[in-house]
Structures are given as structure tokens and as C-alpha cells.
Amino acid sequence: MTVSESIGLSERRERLLTRLLQFVLAGVFLAGVVTLRPGMAVNGAFGLALTLIPAAIRREYDYTMSPALVLWITIAIGLHSVGSLGPYSWFSWFDSVTHTVSATVVAGLGYATFRGFEQHSKELHVPASFRPVFIVVFVLAVSVVWELLEFSSGQVAQVLSIEAPLIVYGVDDIVTDMVFNTVGGLIVAVGGSRYFVPLAGFFRRRFGS
């Protein structure tokens, strides 16, 4: 079953929703510029740039990602960028949802990259039973790096007296983020990795080129 079949949307609607979210990200960037909020502007611009990567891959390598997967990635990025407008402060659950969704994307991309390299390499073979463990460990490793980036962002912003694009709200926030990142990783480890199999095939071909 494909991602499109799972969510029950036509590819046309998936592409339309992706474009809509990209316009939202552009709006976040413009709002940050107009209101002189560098953190918001960076979130919007960086998020929009990330959502354009699938299109760049299509042009450069002639590989078209599933529209549903592109939408999935865009939603994860959009949640984070829109959060800078206020939802992180307004709703206690928003950050947890954002981290869970983002972690599923990170887990899937990590799995696809690892699986592609494994299929390409004649020396490397990982038992199928270990792959879910790799997915969760990979997500936790990326989570640690992300939390360090958030902390560093806050320190630099404080020195420059500007709004930080990434914010740490304390130890409790870090622990909560790690928990929901793990949840996202487990979702992919348990049953979501199959949606990234075509992408793993793309990576395998790139490793072999």
C-alpha cells in the first residue's frame, strides 16, 4: 500500500495541499521580514527551501518522489514554521505533535538512506529484525543534535539581541521533545518504513553511480 492509498487523497490534491503549505511558509517568511522578527523569517525561508528539495531532485536526478511523501515532509516542516507564529505558546500539545510528525520524516529518511546503502554494499548486511532498532537510535541521535542546535541558537540570539529561530524552554521541554521524537521513530519502525522503500531504491542507485 502506498502513502496515497493510506491517506485516501488523490495525487492532484496532495500536490495542491503541498503548494498551499509552501505559500504558508512564504507567508511566514514575509511576516517575519515585515515585523522585523529574524527568527520567524529564518524559519519561513529555511522551511520553504527544504520543501523545494524534492523538486530539485526531480530535475537533477529524474526521480519523482511520491506526492504523498512530499506532502508528509511539507506538513512536518510547516508545523514547525507555523509554530513560530504563536501556536507553540498557545497550545501545550502543539510542540509534541510537531516533534512526532517531524520524527517520522527523520526516521523515514534515515531508514531510506541506510537501506539504500545496505542494498548497494556487498559487505554490509543488517538483519531485518535490527532495522527497527536502527531507526529509533537514528532518531534519538538526530534529536540530540537538534536540541544542541536549539540551545546554540538561543545563546547566539541572546548575544546578538535578536529573536532566536529555535528555542529551548527548559529541561522538561527537552525531555518531552525526546519522548515524542521516540514515538515518531517507533511509528516508522513498527510499520511506516515501507513507505520509504522507493526512496531507498533511489539512494541505492545514487550510491552505485
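Each residue of the sequence shown is one higher than the one before, counting from 1 in full-length UniProt numbering.
A virtual CB, placed ideally from N, CA and C, is assigned to each residue, including glycine.
Owing to the predicted nature of the structure, the values given are computational and were not obtained by experimental measurement.
*Please state if the CB of residue 85 and the CB of residue 28 are separated by a distance shorter than 8 Å.*
yes
*Is the Cβ of residue 104 closer than 8 Å to any Cβ of chain B?*
Chain labels in this structure do not include chain B; a single protein chain is all it has.
*Where does residue 32 sit, in a helix, a strand or coil, going by DSSP?*
helix
*Under the three-state reduction of DSSP, which class applies to residue 109: helix, strand or coil?*
helix
*DSSP on residue 80, reduced to helix/strand/coil?*
helix
*Short Cβ contact (8 Å threshold) for residue 130 with residue 203*: no
_residue 87 versus residue 207 - alpha carbon distance_ = 40 Å
_When you compare the CB positions of residue 79 and residue 97, do they come within less than 8 Å of one another, or not?_
yes
_residue 57 - containing alpha helix (DSSP H), residue span_ = 53-61
_Tell me the residue span of the alpha helix (DSSP H) that contains residue 88._
87-90
*Report yes if the CB atom of residue 74 is closer than 8 Å to the CB atom of residue 21, and no otherwise.*
yes
*For residue 136 and residue 185, believed in contact at Cβ under 8 Å, the rounded distance*: 4 Å
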